[in-house]
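Each remark here refers to the structure printed beneath this line.
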Amino acid sequence: MEAAAAPPSLRPRRSLSINPAPAPRPGPKPRPWGLAANRQANAVRCELPRRPDPRLLRASAMVGDGGDAAGAGRRKRLAVFVSGGGSNFRAIHEAALTGEVHGDVVALVTDKPGCGGAEYARSNGIPVVVFPKSKSAPEGVSVPELLHTLREHEVDFVLLAGYLKLIPAELVREYPRFILNIHPSLLPAFGGKGYYGLKVHTAVVASGARYSGPTVHFVDEHYDTGKTLAQRVVPVFADDTPELLAARVLHEEHQVYVEAVAALCDDRIVWREDGVPLIKSRLNPDVYL
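The UniProt record's numbering applies: residue 1 is where the sequence shown begins, and numbers increase by one.
Dropping the structure here:
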């Protein structure tokens, strides 16, 4: 059976233009707002594509030396704080030496002058500053002396890498949005005072959580409450022990912290209007990690 013809008023109208403009060539389809997983053996890296409304983002005002997204400009000067072996510190220092991080570690601050991180710094010619002053470390400096030392070294960014002391408020005010920390859980879970090292992983396993992983975040005046910058997801297996989980999380820490510091030194961090920091991809500035 043939379909009835549509009334004239409902028939589609043909263009009367003699030389209609050619249709625009379709560009790449926009990526959906969501998570793009890069599967690895022990972790999932989550990438955050560009939000459709660029007005939701504002440029970061964190540095003023004229650097661009490609990392041009002078190398940034980094101060790292440690309390133990400093494996994240070593990873950052090695990445700086190879050029993966466009910066240099110019000072190592520690509350334990005999720790492995301090020994590594000395063996690599990096000045060691002891802070704070205590009975076990009488050579430690005061807060004003610490700030003066950081200014003398022209430090751009402060990186906490297993430093167990609460950062003084004066330092946070001196370096607003210039201080990063790494924590061995997916904050805000298993964070805060008393959650550090193996204690974190013991609590994760005991809780029955199915996932854990490191968090890189900006530092405020409290423990582990600053804005999250980057995370890696690590599965928690049914037969996991705190030690096994800690080893897998630490492996991811070394990668995600280096990537976050590289973005910091490349001026690839932008802040959404709601105060959330995002990392621009080095390869595609329209993609946020």
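Backbone N, C-alpha and C define an ideal beta-carbon position, used for all residues, glycine too.
If you ignore the 5 residues before and after residue 276, its C-beta comes within less than 7 Å of the C-beta of 227, all in its own chain and listed in chain order. Residue 102 and residue 255 have their C-alpha atoms some 16 Å from each other. In this structure, the CA atom of residue 218 is about 23 Å from the CA atom of residue 145.
201 is the residue among 201, 257, 220 whose C-alpha sits nearest the C-alpha of residue 212. Boundaries of the beta strand (DSSP E) around residue 182: 179 to 183.
Taking a 10 Å sphere around the C-beta of residue 114, we find fewer than 16 other C-beta atoms and assign the residue as exposed. Within the region 205 to 248, the runs of beta strand (DSSP E) at least 3 residues long that lie entirely inside it are, in chain order, 215 to 218, 228 to 231.
In this structure, the CA atom of residue 95 is about 22 Å from the CA atom of residue 129. Here residue 180 really is in contact with residue 160; their C-beta atoms are around 7 Å apart, less than 8 Å. Beta-bridge pairing by DSSP links residue 280 to 288. Bounds of any beta strand (DSSP E) do not take in residue 155, whose DSSP letter is neither H nor E.
With respect to residue 79, residue 171 sits apart: the two C-beta atoms are not nearer than 7 Å. Contact between residue 116 and residue 108 is ruled out by a C-beta separation of about 11 Å, above the 8 Å threshold. For residue 110 and residue 124, the gap between their C-alpha atoms comes out near 16 Å. In this structure, residue 193 places its C-beta atom within 7 Å of the C-beta atom of residue 223. By the Cβ neighbour-count rule, residue 208 is exposed, with fewer than 16 other Cβ atoms within 10 Å of its own. In the assembly as shown, residue 99 is an exposed residue. Its beta-carbon has fewer than 16 other beta-carbons within 10 Å. Residue 203 and residue 166 have their alpha carbons spaced roughly 21 Å apart. Three or more beta-carbon pairs separated by less than 8 Å are not found between the region 269 to 284 and the region 241 to 250, which leaves the two stretches without contact. Taken through DSSP and simplified to helix, strand or coil, residue 262 comes out as helix.
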